[in-house]
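Novice: Would you mind keeping the following structure in view while I ask a few things?
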Amino acid sequence: MAADATSSEGSARRVLVTGASSGIGAATVRHLRSLGMEVVAAARRKERLEDLAAETGCEAYPIDITSDTEVAALASHLEATGGLDAVVNNAGGALGLDPVASADVDGWRRMYELNVLGTLRIVKAVLPLLRASGAGDVVIVTSTAAHAPYEGGAGYTGVKHAERMLATTLRWEIVGEPIRVIEISPGNVATEEFSLVRFDGDEERAKKVYEGYQPLLASDIADVIGYALTRPEYVNLDLVIVRPRAQASNTKIAKNV
459 MAADATSSEG SARRVLVTGA SSGIGAATVR HLRSLGMEVV AAARRKERLE DLAAETGCEA
519 YPIDITSDTE VAALASHLEA TGGLDAVVNN AGGALGLDPV ASADVDGWRR MYELNVLGTL
579 RIVKAVLPLL RASGAGDVVI VTSTAAHAPY EGGAGYTGVK HAERMLATTL RWEIVGEPIR
639 VIEISPGNVA TEEFSLVRFD GDEERAKKVY EGYQPLLASD IADVIGYALT RPEYVNLDLV
699 IVRPRAQASN TKIAKNV
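Per the numbering used here, the sequence shown starts with residue 459, numbered consecutively.
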């Protein structure tokens, strides 16, 4: 039960990472590969996954996690090609900062599909494989938005709270089984796309989110995920909240400008 990158049978652990084409997902693929794990990198953008596979030696698996059919096909593929020891549910994202009174209903619906139902589909599909592994891990990357509200953030905080409840309830429901449920909740992480997507491509507005202080990097979160996955089997990091030193809450950040 030593902390390492091997399965209970002694072979390299096989990990599925969703949302792997950029940001925290891509960084997690790189880090887990550096630890010696086998990684299946899943995301919508095939070309980016292929580049990541060429760089790291991971397996690229293009998928839309909002599709029941595609998720079922992924589970069948994993079962037929060696099973699965862990899943990192990272796919998701934020759209807009609209107040409730003028909220974009379609944007909220899209966030719910990606962050909550996408995670639900993946977890349901791979749980039998994780059970079969004898020591499986479910990692769910939420956000500090899952733990507190902020003005303009009701849509994103709502879906992240729901994702957090998915993780917490699953842990209660399967306690006693050889499966850990781990929630990683990052604060402000400067990635190439998160804020850019949130503000519909407005680069100036996206950059302002990270001005005046040192935000976290995607590699910082990947390092935490790798640490959680390599603890002894009996050690469960139920919840890890990771913020920049300058960030005390979702709305309080010490800036030097």
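We put the beta carbon where it would ideally sit given N, CA and C, even for glycine.
As the structure is a prediction and not an experimental result, all values here were calculated from the model.
Judging by CA-CA distance, which residue of 615, 697, 606, 474 is the nearest neighbour of residue 496?
Specialist: Position 38 of the sequence shown, counted from the start, is the residue given in the question as residue 496. For the residues 615, 697, 606, 474, the minimum Cα distance to residue 496 belongs to 474.
Novice: Based on DSSP bridge pairs, tell me the residues matched to residue 635.
Specialist: Along the sequence shown, read from residue 1 onward, the residue named residue 635 stands at position 177. DSSP, once it has assigned bridges, lists 633 as partnering residue 635.
Novice: Under a Cβ-count criterion, where at least 16 other Cβ atoms within 10 Å of its own Cβ denotes burial, should residue 760 be classed as buried or exposed?
Specialist: Past the boundaries of the shown model lies residue 760; the chain is included only from 459 to 715, so the question cannot be answered.
Novice: By the three-class DSSP mapping on this structure, what secondary structure does residue 683 have?
Specialist: In the sequence shown, the residue the question calls residue 683 occupies position 225. DSSP places residue 683 in helix when its eight states are reduced to three.
Novice: Suppose contacts are defined by Cβ-Cβ distances below 7 Å. Is residue 698 in contact with residue 642 by that definition?
Specialist: Numbered from its first residue, the sequence shown carries residue 698 at position 240. Numbered from its first residue, the sequence shown carries residue 642 at position 184. Yes, they are a contact pair.
Novice: I'd like the span of the beta strand (DSSP E) that includes residue 482, first residue to last.
Specialist: For the purposes of this step, residue 482 is identified with residue 24 of the sequence shown, where counting begins at 1. Residue 482 -> not in any beta strand (DSSP E); alpha helix (DSSP H) instead, spanning 481-492.
Novice: Our contact map puts residue 687 next to residue 595 with C-beta atoms below 8 Å; I'd like the distance itself, whole angstroms only.
Specialist: On the sequence shown, residue 687 is found 229 positions in, with the first residue counted as 1. On the sequence shown, residue 595 is found 137 positions in, with the first residue counted as 1. Residue 687 to residue 595, Cβ: 6 Å. Contact.
Novice: Residue 617 and residue 574: beta carbons closer than 7 Å?
Specialist: Position 159 of the sequence shown holds residue 617. Position 116 of the sequence shown holds residue 574. Yes. Within cutoff.
Novice: In this structure, how does DSSP classify residue 459 when only helix, strand and coil are distinguished?
Specialist: Locating residue 459 in the sequence shown gives position 1, where the first residue counts as 1. Because residue 459 sits at a pLDDT of 45, beneath the cut-off of 50, its placement in the model cannot be relied upon, and the point is left open.
Novice: Put residue 607 into one of helix, strand or coil per three-state DSSP.
Specialist: For the purposes of this step, residue 607 is identified with residue 149 of the sequence shown, where counting begins at 1. In the structure shown, residue 607 sits in coil (DSSP, three-state: anything other than H, G, I, E or B).
Novice: Using the C-alpha atoms, what's the distance from residue 666 back to residue 680?
Specialist: For the purposes of this step, residue 680 is taken as residue 222 along the sequence shown, with counting starting at 1. For the purposes of this step, residue 666 is taken as residue 208 along the sequence shown, with counting starting at 1. Cα to Cα, residue 680 sits roughly 24 Å from residue 666.
Novice: In chain order, what residues of the same chain have a beta carbon less than 7 Å from the beta carbon of residue 611, not counting five sequence neighbours either side?
Specialist: Here residue 611 is taken as the residue at index 153 of the sequence shown, counted from 1. Answer for residue 611: 555, 603, listed in chain order.
Novice: If contact is defined by three or more beta carbon pairs under 8 Å, each pair taking one atom from either stretch, is the stretch 523-535 in contact with the stretch 566-582?
Specialist: Output reads yes: the stretch 523-535 touches the stretch 566-582.
Novice: Could you tell me whether the stretch 669-685 touches the stretch 561-576, where touching means 3 or more Cβ pairs closer than 8 Å?
Specialist: In short, these stretches do not touch, since the Cβ pair count stays below three.
Novice: Hey, would you say residue 513 sits closer than 7 Å to residue 498, going by beta carbons?
Specialist: Start at 1 with the first residue of the sequence shown, and residue 513 comes out as number 55. Start at 1 with the first residue of the sequence shown, and residue 498 comes out as number 40. Result no, Cβ atoms of residue 513 and residue 498 do not sit closer than 7 Å.
Novice: With the cut-off set at 7 Å, would you say residue 690 and residue 646 are in Cβ contact?
Specialist: If you number the sequence shown from 1, residue 690 lands on position 232. If you number the sequence shown from 1, residue 646 lands on position 188. No, the pair does not count as a contact, with Cβ atoms beyond the cut-off.
Novice: Quick one: is residue 543 buried, meaning 16 or more other Cβ sit within 10 Å of its Cβ, or exposed?
Specialist: Reading the sequence shown from its first residue, position 85 is the one you call residue 543. Label assigned to residue 543: buried.
Novice: Taking the alpha-carbon positions, what's the residue 678 to residue 600 distance?
Specialist: Walking along the sequence shown from the start, residue 678 turns up at place 220. Walking along the sequence shown from the start, residue 600 turns up at place 142. Using only the alpha carbons, I get a separation of about 15 Å.
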